[in-house]
Amino acid sequence: MQCMRILQLHCDYIEFTPVKKEIKSAEEIDPQPKHLDEVVVAFVAVEEGDNFDVAKKAMNEISESMKKIGCNKLLLYPYAHLSSKLASPNTALSVLKEMEMQEKGLEIQRAPFGWTKSYKIQVKGHPLAEHSKTISAGEEKEFTSEALKAESKIQSFWHIMTPDGKMHDIDKFNFAKHQSLEVLTKYEAAKKRSVDEPPPHVKLMKKLAIADYEPASDAGNMRFFPNGRLIKSLIERYVTEKVVEYGGFEVETPIMYDSHHPSMESYFNRFPARQYNVNSEGKQLFLRFAACFGQFLMAKDFQMSYRNLPLRLYELTRYSFRREQSGELVGLRRLRAFTMPDCHAMCKDMKQAKEEFRKRFDLSRQVIKGLGLDEADFEMAIRFTEEFYNENKELVEELVSKMGKPVLVEMWKERFFYFVLKWEFNYVDNLGKASALSTDQIDVENGKRYNIEFIDETNKPQNPIILHNSPSGAVERVIYVLLEKAAKDQREGRKPGLPLWLAPTQVRVIPVKPEFFDYCEKLSDKISQHDIRADIDDRNESVGKSIRDAETDWIRYIIVIGEKEVNASKLSIRDRKTGTVKELTMDELIREIKEETQNMPFLKMNMSRYVSKRPQIMV
RNA sequence: GCCUCGAUAGCUCAGCCUGGUAGAGCGAACGCCUCGUAAGCGUUAGGCCGCGGGAUCGAAUCCCGCUCGAGGCUCCA
Numbered sequence: 011m012q013c014m015r016i017l018q019l020h021c022d023y024i025e026f027t028p029v030k031k032e033i034k035s036a037e038e039i040d041p042q043p044k045h046l047d048e049v050v051v052a053f054v055a056v057e058e059g060d061n062f063d064v065a066k067k068a069m070n071e072i073s074e075s076m077k078k079i080g081c082n083k084l085l086l087y088p089y090a091h092l093s094s095k096l097a098s099p100n101t102a103l104s105v106l107k108e109m110e111m112q113e114k115g116l117e118i119q120r121a122p123f124g125w126t127k128s129y130k131i132q133v134k135g136h137p138l139a140e141h142s143k144t145i146s147a148g149e150e151k152e153f154t155s156e157a158l159k160a161e162s163k164i165q166s167f168w169h170i171m172t173p174d175g176k177m178h179d180i181d182k183f184n185f186a187k188h189q190s191l192e193v194l195t196k197y198e199a200a201k202k203r204s205v206d207e208p209p210p211h212v213k214l215m216k217k218l219a220i221a222d223y224e225p226a227s228d229a230g231n232m233r234f235f236p237n238g239r240l241i242k243s244l245i246e247r248y249v250t251e252k253v254v255e256y257g258g259f260e261v262e263t264p265i266m267y268d269s270h271h272p273s274m275e276s277y278f279n280r281f282p283a284r285q286y287n288v289n290s291e292g293k294q295l296f297l298r299f300a301a302c303f304g305q306f307l308m309a310k311d312f313q314m315s316y317r318n319l320p321l322r323l324y325e326l327t328r329y330s331f332r333r334e335q336s337g338e339l340v341g342l343r344r345l346r347a348f349t350m351p352d353c354h355a356m357c358k359d360m361k362q363a364k365e366e367f368r369k370r371f372d373l374s375r376q377v378i379k380g381l382g383l384d385e386a387d388f389e390m391a392i393r394f395t396e397e398f399y400n401e402n403k404e405l406v407e408e409l410v411s412k413m414g415k416p417v418l419v420e421m422w423k424e425r426f427f428y429f430v431l432k433w434e435f436n437y438v439d440n441l442g443k444a445s446a447l448s449t450d451q452i453d454v455e456n457g458k459r460y461n462i463e464f465i466d467e468t469n470k471p472q473n474p475i476i477l478h479n480s481p482s483g484a485v486e487r488v489i490y491v492l493l494e495k496a497a498k499d500q501r502e503g504r505k506p507g508l509p510l511w512l513a514p515t516q517v518r519v520i521p522v523k524p525e526f527f528d529y530c531e532k533l534s535d536k537i538s539q540h541d542i543r544a545d546i547d548d549r550n551e552s553v554g555k556s557i558r559d560a561e562t563d564w565i566r567y568i569i570v571i572g573e574k575e576v577n578a579s580k581l582s583i584r585d586r587k588t589g590t591v592k593e594l595t596m597d598e599l600i601r602e603i604k605e606e607t608q609n610m611p612f613l614k615m616n617m618s619r620y621v622s623k624r625p626q627i628m629v
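Residues in the first sequence are numbered from 11 upward in steps of one, following the working numbering.
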């Protein structure tokens, strides 16, 4: 159906200058620059079939929403680019004039029609500032942006579900034994999020030379030092291995897309103004905010039969970009450029989708565990439409029961998003901030929207149901969680550390005197041959100083080499985990490390083995 | 976008209120020490005190504007 498209922006100001006539029927006007302050700008595209009725309806809606935001100055700005099915210029102009004529107690101005205009605009930041509408002659239809979710009519009902499948009222549930679930519940349901200190992982990420802000880039684009790159690579490798084991096929898709490609249009209706834009050779490109469209556009070009399903496509996006508002960015928790493992499964029907959904739930739990987190470290939330729940109670209850502890439930009266069921694992950090790690969704909308088709048993084309899963969540966020967890250990008097398989240095060898350098080098060589990251503190420092430095770097095993060790088979090994010095042979040590890191990926040391050769990155 | 805070040596910061020679610790370079499980000692180098303006005999310090950054709020497909 054709309908008028309006993008409505509440602005501090707009300034525009008619540059030249775009079409013959352009209005005859004096091309003077114009400046308006405190104004609502409505970019309007008139489509085929729009009439005066639509004009009236549109003005009703606009004045309605302007009342809400308390602004009565309106600029109607003809804007053809919102539509690919434009009305003829004559019709469009008369519809626009009709809109201008509507008496709504507003101060209405109109930018000239048919001119190329240059303009400068400053849009306000409040939630109601951006708004897009489509208005048709028939029934009223309004796409509300995600930013307006709270304002929209969708209603959420919050509950707690216990592992036995029972639903509890959140006000009556006893949170005594489930404190972080309580935090998550308040965070989500009541939107209570007041904090007045920076999260502790920010200091740690610098101190451990993992990552830092890059002032020459945009906010939320971090730089990762060798240690951070190593940790990221290991996590990426681990997650990828697990997804491939599960049956995912790894692909790679472009990081930028044409904003005017038809497939992107509907996305922009729903989620405006949160992406980075890049202009190149007259094209308006945007940087991807997820791997979804890349994989959907790819799957659309596959010839698929129901026999091929489920088909699992996987990509580790480095990067996905989301231009979050500057004030929302926090250390490694929330970034504008982040690495996201993203796995979609195309399923032939709901039965298969549910089966697949279970597998991925298990996969995600396994991945999270491998990353060093257990059930006590995160809280699950599950969200669904009422209809889906009534038809699939057994699936929801099964997942909650597997989780083995109470879970936050959000239920919607109607489907608003593209999915009918979604769960996520949320980490609740030291300041009571919740952020999502793993997640999976059952998407019943995008198969059709992207025209992805498979041929079913009866030789008919069908759109698949698509699952969206990130088994770990953003890789940077995983690091944030590990550091926050370490900070918690530190605060509660335990020694902080990283999982051994992620430690940039696993074993440090320290000579008592320089004359033992050679011996240390040979020892570290031998240990390294077993895929263990071992280095040598070859600086001419006191033993005390070297040990202190190794401790503050969270190095798990410290071997001090002196007279005694050179002449004996046992090594004296300081184990950070126990805080004691123990005597082990090299083989025993190697065995212990291999056991603790088994089945986890390995990468060689990403820095000089010689501490004296390393630049000082952070103090 | 709004609010708060910040910007001084490579890093972390003091000095600012009450204007008058630019400070410390860490790190770096050099030297001494040759060391047994969390900091050995000394010397040296290193500064457009974010940018622009104002009042003042005189500004890192007071006033105004700007830029950049961080955190919080809103938000997070």
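A virtual CB, placed ideally from N, CA and C, is assigned to each residue, including glycine.
Mark residue i as exposed unless 16 or more other C-beta atoms lie within 10 angstroms of its C-beta, in which case mark it buried.
{"i": "Glu156", "result": "Model confidence at Glu156 stands at a pLDDT of 38, short of 50, so the residue's coordinates are unreliable and nothing is read from them."}
{"i": "Arg332", "result": "buried"}
{"i": "Gln451", "result": "buried"}
{"i": "Met111", "result": "exposed"}
{"i": "Ala221", "result": "buried"}
{"i": "Thr468", "result": "exposed"}
{"i": "His188", "result": "buried"}
{"i": "Val29", "result": "exposed"}
{"i": "Gly483", "result": "buried"}
{"i": "Asn456", "result": "buried"}
{"i": "Thr250", "result": "buried"}
Expressed to the nearest angstrom, what Euclidean distance is found between the alpha-carbon atoms of residue i and residue j?
{"i": "Ala199", "j": "Arg370", "result": "26 Å"}
{"i": "Lys216", "j": "Glu561", "result": "16 Å"}
{"i": "Lys532", "j": "Leu613", "result": "20 Å"}
{"i": "Lys151", "j": "Met69", "result": "Because Lys151 sits at a pLDDT of 31, beneath the cut-off of 50, its placement in the model cannot be relied upon, and the following sentence gives the value as read from the coordinates. If I take the Cα positions, the gap works out to 14 Å."}
{"i": "Arg203", "j": "Val377", "result": "For Arg203, the predicted model reports a pLDDT of 44, less than 50, meaning its position is unreliable; a value from the coordinates is still stated below. Straight-line Cα distance between these residues: approximately 29 Å."}
{"i": "Leu345", "j": "Glu338", "result": "9 Å"}
{"i": "Leu477", "j": "Lys432", "result": "9 Å"}
{"i": "Tyr248", "j": "Gly257", "result": "15 Å"}
{"i": "Met360", "j": "Glu408", "result": "16 Å"}
{"i": "Tyr89", "j": "Ile16", "result": "9 Å"}
{"i": "Glu401", "j": "Thr449", "result": "22 Å"}
{"i": "Met76", "j": "Val50", "result": "8 Å"}
{"i": "Cys357", "j": "Leu405", "result": "16 Å"}
{"i": "Glu397", "j": "Tyr460", "result": "24 Å"}
{"i": "Ile627", "j": "Gln516", "result": "19 Å"}
{"i": "Thr327", "j": "Gln285", "result": "15 Å"}
{"i": "Asn550", "j": "Asp528", "result": "14 Å"}
{"i": "Leu214", "j": "Leu493", "result": "7 Å"}
{"i": "Leu373", "j": "Tyr329", "result": "23 Å"}
{"i": "Asn231", "j": "Leu321", "result": "33 Å"}
{"i": "Leu116", "j": "Met109", "result": "12 Å"}
{"i": "Val430", "j": "Phe367", "result": "12 Å"}
{"i": "Val133", "j": "Ser445", "result": "28 Å"}
{"i": "Ala52", "j": "Glu291", "result": "27 Å"}
What does a CB cutoff of less than 6 Å around residue i pick up in its chain, not counting 5 residues either side in sequence?
{"i": "Asp499", "result": "Pro506"}
{"i": "Lys130", "result": "Glu25"}
{"i": "Asp466", "result": "Tyr316 and Gln472"}
Quick one: measure Cβ to Cβ for residue i and residue j, integer angstroms, because I've assumed they're closer than 8 Å.
{"i": "Pro209", "j": "Gly380", "result": "That pair is no contact at about 24 Å."}
{"i": "Met390", "j": "Ser480", "result": "That pair is no contact at about 15 Å."}
{"i": "Ala513", "j": "Ile583", "result": "Incorrect: roughly 15 Å between the Cβ atoms, too far for contact."}
{"i": "Thr263", "j": "Ala300", "result": "With 8 Å as the limit, Thr263 and Ala300 do not qualify as a contact, their Cβ atoms being about 10 Å apart."}
{"i": "Phe394", "j": "Met413", "result": "Actually they are not in contact, since the Cβ atoms of Phe394 and Met413 sit about 15 Å apart, beyond 8 Å."}
Please return the same chain residues whose Cβ sits closer than 8 Å to the Cβ of residue i, not counting the five positions on each side in sequence.
{"i": "Gly589", "result": "Lys505"}
{"i": "Tyr620", "result": "Asp545, Ile546 and Asp548"}
Excluding the five sequence neighbours on either side, which residues of its own chain have a C-beta within less than 7 Å of the C-beta of residue i, listed in chain order?
{"i": "Tyr267", "result": "Met274, Leu295, Phe296, Arg298 and Phe303"}
{"i": "Ile180", "result": "Trp168, His169, Ile170, Thr195 and Ala199"}
{"i": "Ser411", "result": "Pro173 and Gly175"}
{"i": "Lys632", "result": "Only positions 11 to 629 of the chain appear in the structure, and residue 632 is not among them; the question remains open."}
{"i": "Asp387", "result": "Tyr437 and Lys495"}
{"i": "Ser654", "result": "Past the boundaries of the shown model lies residue 654; the chain is included only from 11 to 629, so the question cannot be answered."}
{"i": "Pro524", "result": "Asn550"}
{"i": "Pro236", "result": "Asn616 and Met617"}
Taking 7 Å as the cut-off, is the C-beta of residue i nearer than that to any heavy atom in the ligand HEM?
{"i": "Lys242", "result": "This structure simply doesn't include the ligand HEM, nor any ligand for that matter."}
Contiguous alpha helix (DSSP H) assignments of at least 4 residues, all confined to the region 416 to 464: 456 to 459
Residue ranges of each beta strand (DSSP E) within the region 203 to 289, 3 or longer: 221 to 223, 232 to 234 and 266 to 268
Sequence ranges, alpha helix (DSSP H) only - wholly within the region 508 to 581, length at least 4: 527 to 538, 553 to 562 and 573 to 576
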